[in-house]
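Q: Sharing a structure, written as structure tokens. Questions coming.
4 protein chains.
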Amino acid sequence: MKKFQSLENFSNKSSLSLIKKPSVEIKERVRYSETDRMGLAHNKNYLEWFEIGRTEFCRHQNIPYSEIEARGYYLVVVEAYCKYRKPLGYDDEFNIKVILDQLTPKKAVFKYELLKDSKIIASGYTVHIVTNSKTEVCSLPADIIEKIKAIKP
Amino acid sequence: MKKFQSLENFSNKSSLSLIKKPSVEIKERVRYSETDRMGLAHNKNYLEWFEIGRTEFCRHQNIPYSEIEARGYYLVVVEAYCKYRKPLGYDDEFNIKVILDQLTPKKAVFKYELLKDSKIIASGYTVHIVTNSKTEVCSLPADIIEKIKAIKP
Amino acid sequence: MKKFQSLENFSNKSSLSLIKKPSVEIKERVRYSETDRMGLAHNKNYLEWFEIGRTEFCRHQNIPYSEIEARGYYLVVVEAYCKYRKPLGYDDEFNIKVILDQLTPKKAVFKYELLKDSKIIASGYTVHIVTNSKTEVCSLPADIIEKIKAIKP
Amino acid sequence: MKKFQSLENFSNKSSLSLIKKPSVEIKERVRYSETDRMGLAHNKNYLEWFEIGRTEFCRHQNIPYSEIEARGYYLVVVEAYCKYRKPLGYDDEFNIKVILDQLTPKKAVFKYELLKDSKIIASGYTVHIVTNSKTEVCSLPADIIEKIKAIKP
Chain A
0 MKKFQSLENF SNKSSLSLIK KPSVEIKERV RYSETDRMGL AHNKNYLEWF EIGRTEFCRH
60 QNIPYSEIEA RGYYLVVVEA YCKYRKPLGY DDEFNIKVIL DQLTPKKAVF KYELLKDSKI
120 IASGYTVHIV TNSKTEVCSL PADIIEKIKA IKP
Chain B
0 MKKFQSLENF SNKSSLSLIK KPSVEIKERV RYSETDRMGL AHNKNYLEWF EIGRTEFCRH
60 QNIPYSEIEA RGYYLVVVEA YCKYRKPLGY DDEFNIKVIL DQLTPKKAVF KYELLKDSKI
120 IASGYTVHIV TNSKTEVCSL PADIIEKIKA IKP
Chain C
0 MKKFQSLENF SNKSSLSLIK KPSVEIKERV RYSETDRMGL AHNKNYLEWF EIGRTEFCRH
60 QNIPYSEIEA RGYYLVVVEA YCKYRKPLGY DDEFNIKVIL DQLTPKKAVF KYELLKDSKI
120 IASGYTVHIV TNSKTEVCSL PADIIEKIKA IKP
Chain D
0 MKKFQSLENF SNKSSLSLIK KPSVEIKERV RYSETDRMGL AHNKNYLEWF EIGRTEFCRH
60 QNIPYSEIEA RGYYLVVVEA YCKYRKPLGY DDEFNIKVIL DQLTPKKAVF KYELLKDSKI
120 IASGYTVHIV TNSKTEVCSL PADIIEKIKA IKP
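Protein chains in written order, with numbering that gives the first Met the number 0: chain A, 0 to 152; chain B, 0 to 152; chain C, 0 to 152; chain D, 0 to 152.
Set out below in structure tokens:
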């Protein structure tokens with residue numbers, strides 16, 4: 000799984016990633032309702048946390064996702080993957096790190112890491128296609144691409 | 000709370016409810032993801048179960064809720080109440096009973112009971128106003144009201 | 000406290016609440032996954048927001064809810080009510096205000112307001128009984144009650 | 000992506016799967032609360048549907064998952080993948096097909112397909128490790144393995 004290997008690389012910060020990618024890191028907490036009877040955060044919430052990360056990523060890039068949709072473009076999820084490494088419990092505070100891995104006018108790939116006390120709790124990726132409001136495939140305009148791709152301090 | 004008292008009445012089946020109201024009863028099961036770390040179904044799911052009940056109620060009345068929305072009418076929830084009487088656990092099978100308590104062109108009140116082994120697990124109600132797709136208040140047309148109000152065998 | 004008074008009023012409480020009650024106010028945002036096909040936040044999320052509010056209320060009172068549970072006490076929801084006054088959409092930022100309305104060793108009542116741009120979006124309450132981990136009714140010890148009831152600046 | 004390729008094989012039914020694997024297929028409907036403001040089922044629900052599928056798979060194998068947990072064994076999700084092929088909307092009826100792809104005392108792999116009108120809506124897999132109630136790795140006993148692996152008519 001090549002994609003996931005490259006995620007590994009960035010995760011371990013070991014690496015030769017010469018090209019810096021746009022990213023953001025935000026804090027979240029596990030809600031009581033997000034736990035299940037094992038006492039831990041349920042697996043489906045991770046996809047929701049990835050999405051919160053994307054929302055904050057877009058805001059950080061000065062192009063709120065609501066604005067992208069208002070202009071008629073939707074980044075529809077066509078693939079999602081998560082590797083659950085360590086458990087999270089109620090009220091645990093953790094970080095969501097989002098990296099834009101690829102972006103073309105028709106496709107985006109985001110990678111994610113959840114971190115707690117600097118340890119990787121989970122990692123994953125989502126693949127998106129660009130559609131209009133009728134879920135017909137289309138292309139992101141250049142100005143939106145430029146904003147999403149900008150490297151921020 | 001007058002409303003809840005009248006709910007109590009119907010709950011205890013004691014009563015003199017001379018006027019039969021349209022109702023439906025369906026089966027559901029508690030999903031793993033619906034439990035929390037107490038080991039029981041989380042309180043927010045009950046509102047989702049009430050909603051599943053409304054969906055099946057409308058279908059039973061030969062006017063699927065998706066059809067009501069397709070015609071431009073929305074039954075927006077403006078109040079929701081639930082009394083949690085007994086806990087539900089993972090994989091528990093229970094019944095959702097939905098009763099149309101009131102219906103005018105501008106407002107609907109549904110009452111609910113969740114039952115397990117003929118015992119009342121929870122009861123509640125929701126109040127709805129009728130809006131168009133822009134959430135402007137409007138009135139349900141006569142043919143929809145007639146269908147929703149019809150007493151079915 | 001005008002807003003809170005209006006909550007009191009709608010709740011059927013009499014009025015001039017001379018006694019200040021412990022409270023907390025936090026910020027939240029509507030997640031994409033919390034919207035439904037009407038384009039607005041789904042009604043069940045409000046109960047989850049009330050719960051996030053309780054978590055932050057307990058932390059603010061220096062007795063994190065996880066600590067209360069670690070000591071063997073559970074504040075089980077037995078009633079929940081919400082009045083939905085104005086809609087919330089994706090990415091809307093709003094405040095959750097939580098007020099401890101009543102607390103005895105065996106019972107707690109919390110009241111809530113959701114506010115956006117100083118306007119009340121929703122209001123509601125939850126009633127809780129105190130149980131042990133086997134959901135048997137029990138009493139909160141004095142030191143926990145004292146902490147929960149303390150008026151904080 | 001070896002795993003996904005093998006998933007592809009089973010998805011396309013092209014293949015020479017000489018070894019029949021235990022499986023089950025159940026019906027579900029998209030709940031209103033499972034849609035988002037795009038008007039379609041939100042991506043996180045698919046993991047919940049996979050889980051409902053596992054619950055019904057275990058029941059079908061005469062070893063309800065609640066019984067597995069009651070005996071002290073947990074099938075903890077360590078990886079989840081979903082490919083979203085076609086959208087699902089409110090009230091859409093679809094089938095969840097679950098196949099036990101691998102089972103050893105310490106690990107299980109399930110594959111899934113969501114089908115609507117015989118068309119594949121989504122496919123995916125989950126990888127599980129076996130733990131005790133303290134999330135320590137352990138091994139499933141032989142009798143449980145035998146039941147889970149049994150080919151049913």
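Beta carbons are placed, not taken as given, at the ideal position from N, Cα and C, and that holds for glycine. Please read these numbers as outputs of a predicted model, since none were measured by experiment.
Here's the rule I'm using: 16 or more other beta-carbon atoms within 10 Å means buried, otherwise exposed. How should residue 110(B) be labelled?
A: The residue given as residue 110(B) occupies position 111 in the second sequence. Classification for residue 110(B): buried.
Q: Let me know the secondary structure DSSP gives residue 149(B) once reduced to three states.
A: To locate residue 149(B), count along the second sequence from 1; it is residue 150. The answer is coil: DSSP assigns residue 149(B) none of H, G, I, E or B.
Q: Tell me the rounded alpha-carbon separation between residue 144(D) and residue 23(D).
A: Start at 1 with the first residue of the fourth sequence, and residue 144(D) comes out as number 145. Start at 1 with the first residue of the fourth sequence, and residue 23(D) comes out as number 24. So the two alpha carbons sit approximately 17 angstroms from each other.
Q: Kindly indicate which three-state DSSP category residue 90(A) falls into: helix, strand or coil?
A: Taking the first sequence and counting its residues from 1, the one referred to as residue 90(A) is at position 91. Coil, per DSSP.
Q: Would you say residue 34(C) and residue 58(D) are within 8 angstroms of each other, going by their C-beta atoms?
A: Residue 34(C) sits at position 35 when you count from the first residue of the third sequence. Residue 58(D) sits at position 59 when you count from the first residue of the fourth sequence. The answer is no: Cβ separation not under 8 angstroms.
Q: Which residues in chain A have a C-beta closer than 9 angstroms to the C-beta of residue 89(B)? List them in chain order.
A: Position 90 of the second sequence, counted from the first residue, corresponds to residue 89(B). Ordered by position in chain A, the residues that pass the 9 angstroms Cβ test against residue 89(B) are 35 and 36.
Q: List the residues of chain C that residue 63(A) touches, going by C-beta distances under 8 angstroms, in chain order.
A: Counting from 1 along the first sequence, the entry for residue 63(A) is found at position 64. Correct list: 90.
Q: Since residue 46(C) meets chain B, which of its residues come closer than 8 angstroms, beta carbon to beta carbon?
A: Here residue 46(C) refers to the residue found at position 47 of the third sequence. The answer, in chain order, is 42, 43 and 46.
Q: Quick one: Cα of residue 126(D) to Cα of residue 40(A), how far?
A: Counting from 1 along the fourth sequence, the entry for residue 126(D) is found at position 127. Counting from 1 along the first sequence, the entry for residue 40(A) is found at position 41. Taking the straight line joining both Cα atoms gives about 17 angstroms.
Q: Assuming the contact rule is C-beta atoms closer than 8 angstroms, residue 99(A) and residue 49(A) should be a hit. Round their C-beta distance to whole Å, please.
A: Within the first sequence, residue 99(A) is the residue found at index 100, counting from 1. Within the first sequence, residue 49(A) is the residue found at index 50, counting from 1. Actually they do not touch by this definition, with Cβ atoms about 13 angstroms apart.
Q: Please classify residue 136(A): is it buried, with 16 or more other beta-carbons within 10 angstroms of its beta-carbon, or exposed?
A: For the purposes of this step, residue 136(A) is identified with residue 137 of the first sequence, where counting begins at 1. Exposed is the call here.
Q: Could one say the Cβ of residue 158(D) lies closer than 8 angstroms to chain A's Cβ atoms, at least one of them?
A: Here chain D covers residues 0 to 152 and nothing more, so residue 158(D) does not appear.
Q: Round the Cβ separation of residue 45(C) and residue 121(C) to the nearest angstrom and send it over; I've been treating them as touching at under 8 angstroms.
A: Within the third sequence, numbered from 1, the residue matching residue 45(C) stands at position 46. Within the third sequence, numbered from 1, the residue matching residue 121(C) stands at position 122. About 6 angstroms; that satisfies the 8 angstroms criterion.
Q: Which one of 108(B), 87(B) and 81(B) has the shortest CA to CA distance from residue 128(B)?
A: Position 129 of the second sequence, counted from the first residue, corresponds to residue 128(B). The residue with the shortest Cα to Cα distance from residue 128(B) is 108(B).
Q: Compare the C-beta of residue 31(C) with all C-beta atoms of chain D and state if any pair is closer than 8 angstroms.
A: The residue you call residue 31(C) lines up with position 32 of the third sequence. Yes, because at least one Cβ of chain D sits closer than 8 angstroms to the Cβ of residue 31(C).
Q: If I measure Cβ to Cβ from residue 146(A) and keep anything under 7 angstroms in the same chain, skipping five residues before and after, which residues do I get?
A: Here residue 146(A) refers to the residue found at position 147 of the first sequence. Same-chain partners within the cutoff: 60, 61 and 62.
Q: Quick one: residues in its chain with C-beta nearer than 7 angstroms to the C-beta of residue 31(D), no 5 flanking neighbours on either side, listed in chain order?
A: One-based indexing of the fourth sequence puts residue 31(D) at position 32. If we look at residue 31(D) and ignore the five residues flanking it on each side, its Cβ neighbours are 89.
Q: Distance, Cα to Cα, residue 78(D) vs residue 102(B)?
A: Position 79 of the fourth sequence holds residue 78(D). Position 103 of the second sequence holds residue 102(B). One C-alpha to the other measures close to 48 angstroms.
Q: So, for residue 38(C): in the same chain, excluding its five sequence neighbours on each side, which residues have a beta-carbon less than 7 angstroms away from its beta-carbon?
A: Mapped onto the third sequence, residue 38(C) falls at position 39. So the qualifying residues of the chain are 88.
Q: So residue 28(C) is in the beta strand (DSSP E); what residue range does that whole segment cover?
A: By 1-based counting over the third sequence, the position of residue 28(C) is 29. Run containing residue 28(C): 22 to 28, per the beta strand (DSSP E) assignment.
Q: Use the C-beta contact count for residue 18(A): other C-beta atoms within 10 angstroms, 16 or more gives buried, fewer gives exposed.
A: Taking the first residue of the first sequence as 1, we reach residue 18(A) at position 19. Counting Cβ neighbours within 10 Å, residue 18(A) comes out exposed, since fewer than 16 surround it.
Q: Taking the continuous alpha helix (DSSP H) assigned at residue 52(D), which residues delimit it?
A: In the fourth sequence, the residue the question calls residue 52(D) occupies position 53. Looking at the DSSP string, the run of the alpha helix (DSSP H) that includes residue 52(D) is 44 to 59.
Q: Just to confirm the assignment, what range does the beta strand (DSSP E) spanning residue 124(A) have?
A: Translated into the one-based positions of the first sequence, residue 124(A) becomes position 125. Counting along the chain, the beta strand (DSSP E) containing residue 124(A) begins and ends at 118 to 130.
Q: Rounded C-beta distance between residue 95(C) and residue 51(C)? I'm assuming under 8 angstroms.
A: Within the third sequence, residue 95(C) is the residue found at index 96, counting from 1. Within the third sequence, residue 51(C) is the residue found at index 52, counting from 1. Right, the Cβ-Cβ distance comes to about 7 angstroms (below 8 angstroms), so this counts as a contact.
Q: Would you tell me roughly how many angstroms separate the C-alpha atoms of residue 132(B) and residue 112(B), rounded to the nearest one?
A: The residue given as residue 132(B) occupies position 133 in the second sequence. The residue given as residue 112(B) occupies position 113 in the second sequence. Cα to Cα, the separation comes out at about 30 angstroms.
Q: Can you find the residues in the same chain that come closer than 6 angstroms, C-beta to C-beta, to residue 73(A), ignoring five residues on each side of it along the sequence?
A: By one-based count along the first sequence, residue 73(A) stands at place 74. So the qualifying residues of the chain are 130.
Q: For residue 92(B), count neighbouring Cβ atoms within 10 angstroms of its own Cβ and tell me buried if that reaches 16, exposed if not.
A: Locating residue 92(B) in the second sequence gives position 93, where the first residue counts as 1. Residue 92(B) comes out exposed.
Q: Measure the CB-CB distance between residue 138(A) and residue 104(A) and report whether it falls below 8 angstroms.
A: Locating residue 138(A) in the first sequence gives position 139, where the first residue counts as 1. Locating residue 104(A) in the first sequence gives position 105, where the first residue counts as 1. Yes, the pair counts as a contact, with Cβ atoms nearer than the cut-off.
Q: Measure from the C-beta of residue 77(C) to each C-beta in chain B and report whether the shortest distance is under 8 angstroms.
A: Along the third sequence, one-based indexing puts residue 77(C) at 78. At least one chain B Cβ lies under 8 angstroms of residue 77(C).
Q: For the alpha helix (DSSP H) containing residue 64(C), list its first residue and its last residue.
A: Residue mapping note: residue 64(C) aligns to position 65 of the third sequence, counting from 1. Looking at the DSSP string, the run of the alpha helix (DSSP H) that includes residue 64(C) is 64 to 69.
Q: Does residue 173(C) come within less than 8 angstroms of chain A when only Cβ atoms are used?
A: Coverage of chain C is limited to positions 0 through 152, which leaves residue 173(C) absent and any answer about it impossible.
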